[in-house]
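Asks: Quick one: the structure is below, questions incoming.
In the working numbering, the protein residues as written are 0 to 358.
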């Protein structure tokens with residue numbers, strides 16, 4: 000049984016804190032074919048999410064899920080538009096799933112439900128659907144709206160993977176499947192923490208957050224969309240691994256800064272500002288929640304500076320490799336694109352007063 004969630008950050012602390020200024024060293028660009036991608040994706044998104052009413056559907060569309068991919072992959076060539084659409088659909092699918100994975104009242108704190116969903120997704124990716132799918136094997140599933148919705152959601156993933164897989168090289172397929180396995184495993188760990196209402200320390204949080212943000216699967220989809228397949232020795236280069244990790248950390252902490260007040264208001268403390276506030280050591284000058292936000296923003300700036308230096312080192316090391324230069328540009332756009340989307344999407348800009356505690 001899940002423990003009742005305890006309020007660990009006073010309401011007045013959340014009221015007084017405002018989002019600090021966030022920026023990236025890299026300019027944000029939107030793919031010129033965004034409108035075409037949006038039109039291809041919107042009905043598909045509505046069909047798999049099935050919003051409960053017109054207001055919920057409007058909110059879903061106002062989140063502009065395909066825009067995130069078109070900001071991050073602004074350099075995908077026009078002839079690869081079908082791959083950009085597939086990638087936008089896959090990331091939209093993951094974002095919709097992420098809403099449940101992040102919601103403590105849903106799968107966000109349900110280890111078994113998270114595990115069942117992970118098993119079903121991996122069965123699809125491995126092409127081994129003889130593995131029991133919980134949604135298909137429970138009696139009376141046809142009469143359960145929740146199970147029908149889960150089945151429909153998994154069917155959409157199955158069909159999308161069937162479209163993408165034939166065009167992916169064996170190397171990229173292996174990378175994608177491996178990255179999805181690690182992502183889903185991290186979601187289970189995250190669910191266990193939330194179920195126990197356990198607040199991890201900063202280092203453990205950063206490690207789990209990095210894996211549980213589906214950024215590694217996105218990186219593989221980015222290679223697929225831009226038509227660049229990094230050689231193994233480049234892919235494993237510690238400089239590139241570090242650059243990818245810092246790119247993820249930058250995006251994750253920007254997300255934390257934008258969404259942490261709303262999460263903390265719901266007693267969900269799986270974000271860095273909340274952890275810095277809750278885990279602070281006794282001192283003469285205790286951290287306020289605003290201080291925790293400001294400290295997180297300083298860490299983000301540090302990541303931005305380190306990324307700029309790393310990019311220069313990589314570009315020098317592989318000066319004759321055009322593919323790595325294109326990939327580095329994608330990482331730059333991913334940083335600025337994620338930040339632009341976080342600040343503009345309705346997903347993170349709902350009014351806090353709807354929860355009855357903040358105005």
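Using N, Cα and C, we set each Cβ at its ideal position, and we do this for glycine too.
Excluding five sequence neighbours on each side, which residues of the same chain lie with their C-beta closer than 8 Å to the C-beta of residue 187?
Replies: Within the same chain, residue 187 has close Cβ partners 110, 113, 114 and 117.
Asks: Which whole-angstrom value is the C-beta distance of residue 286 and residue 204, which I expect to be below 8 Å?
Replies: Between residue 204 and residue 286 the Cβ distance is about 16 Å, and since that is not below 8 Å, they are no contact.
Asks: Tell me which residues share the same chain as residue 60 and place their Cβ nearer than 7 Å to its Cβ, disregarding the 5 neighbours each side in the sequence.
Replies: Taken in chain order, the residues that qualify are 41.
Asks: Go ahead and label residue 296 buried or exposed: buried means 16 or more other beta carbons lie within 10 angstroms of its beta carbon, across all protein chains shown.
Replies: Buried, because 16 or more other Cβ atoms sit within 10 Å of the Cβ of residue 296.
Asks: Is the beta carbon of residue 312 closer than 7 Å to that of residue 238?
Replies: In contact: residue 238 and residue 312 (Cβ atoms closer than 7 Å).
Asks: According to DSSP, is residue 294 helix, strand or coil?
Replies: Helix at residue 294.
Asks: If I follow the unbroken alpha helix (DSSP H) through residue 321, where does it start and stop?
Replies: Run containing residue 321: 321-343, per the alpha helix (DSSP H) assignment.
Asks: Could you check what DSSP says for residue 172 in three-state terms: helix, strand or coil?
Replies: Of the three classes helix, strand and coil, the one that applies to residue 172 here is helix, per DSSP.
Asks: Could you pull the start and end residues of the alpha helix (DSSP H) that residue 219 belongs to?
Replies: Taken as a continuous stretch (DSSP letters only), the alpha helix (DSSP H) holding residue 219 covers 214-225.
Asks: Quick check: what's the CA-CA separation for residue 94 versus residue 211?
Replies: When rounded, the distance between both Cα atoms is 12 Å.
Asks: Answer with buried or exposed for residue 15, where buried requires no fewer than 16 other C-beta atoms within 10 angstroms of its C-beta.
Replies: Classification for residue 15: exposed.
Asks: Note down the Cα distance separating residue 305 from residue 230, rounded to an integer number of angstroms.
Replies: Roughly 24 Å separates the two Cα atoms.
Asks: With a cut-off of 8 Å, do at least 3 Cβ pairs link the segment 33-51 to the segment 182-196?
Replies: Counting Cβ pairs under 8 Å, fewer than three are found: no touch.
Asks: Tell me the DSSP secondary structure of residue 98 in three-state form.
Replies: The answer is helix: DSSP assigns residue 98 an H, G or I state.
Asks: With respect to 6 Å, is the separation between the Cβ of residue 163 and the closest non-hydrogen atom of the ligand MG below this value?
Replies: Absence of the ligand MG is noted for the structure shown, with no ligands found whatsoever.
Asks: In whole angstroms, give me the CA-to-CA distance for residue 338 and residue 201.
Replies: Distance between the alpha carbons of residue 338 and residue 201 is about 22 Å.
Asks: Classify residue 163 as helix, strand or coil using the three-state DSSP reduction.
Replies: Helix at residue 163.
Asks: With C-beta atoms as the reference, is residue 323 less than 7 Å away from residue 247?
Replies: No, Cβ-Cβ distance for residue 323 and residue 247 is not below 7 Å.
Asks: Nearest CA to the CA of residue 183: which residue from 172, 119 and 127?
Replies: Checked all of 172, 119 and 127; the closest Cα to residue 183 is 119.
Asks: By alpha-carbon positions, which one of 50, 78 and 92 ends up nearest to residue 68?
Replies: Closest option to residue 68, Cα to Cα, is 92.
Asks: Excluding the 5 residues preceding and the 5 following residue 139 in the sequence, name in chain order all residues of the same chain whose CB lies nearer than 8 Å to its CB.
Replies: Because residue 139 carries a pLDDT of 47, less than 50, the predicted location of this residue cannot be relied on, and no value is offered for it.
Asks: Under a three-way DSSP split, which group does residue 91 fall into?
Replies: Residue state, collapsed to three classes: helix.
Asks: Using the beta-carbon count (16 or more within 10 Å), is residue 11 buried or exposed?
Replies: Its Cβ having fewer than 16 others within 10 Å, residue 11 is exposed.
Asks: Are residue 335 and residue 25 close, meaning C-beta to C-beta below 7 Å?
Replies: Result yes, Cβ atoms of residue 335 and residue 25 sit closer than 7 Å.
Asks: Which residue spans inside the segment 14-52 form an unbroken alpha helix (DSSP H) run of at least 4?
Replies: The segment 14-52 contains these whole alpha helix (DSSP H) runs: 33-48.
Asks: Counting C-beta neighbours from all protein chains within 10 Å, is the total for residue 9 16 or more, i.e. buried, or is it exposed?
Replies: Label assigned to residue 9: exposed.
Asks: Just to confirm before moving on: does the CB-CB distance between residue 223 and residue 179 stay below 7 Å?
Replies: The answer is no: Cβ separation not under 7 Å.
Asks: What is the rounded straight-line gap between the Cα of residue 245 and the Cα of residue 236?
Replies: Computed Cα separation, rounded: 14 Å.
Asks: Which of helix, strand or coil does DSSP assign to residue 277?
Replies: DSSP places residue 277 in helix when its eight states are reduced to three.
Asks: For residue 384, I'd like the list of residues in its chain whose CB is within less than 8 Å of its CB, leaving aside the five on either flank, ordered along the chain.
Replies: Any answer about residue 384 is impossible in this case: the structure gives the chain only from 0 up to 358.
Asks: Just the C-alpha distance for residue 289 and residue 317, rounded to the nearest angstrom, thanks.
Replies: Taking the straight line joining both Cα atoms gives about 42 Å.
Asks: In three-state terms, what does DSSP make of residue 6?
Replies: Three-state DSSP puts residue 6 in coil, outside helix and strand.
Asks: Report yes if the C-beta distance between residue 28 and residue 344 is below 7 Å; otherwise report no.
Replies: The answer is no: Cβ separation not under 7 Å.
Asks: Once DSSP output is grouped into helix, strand and coil, what is the label at residue 314?
Replies: In the structure shown, residue 314 sits in a helix (DSSP, three-state: H, G or I).
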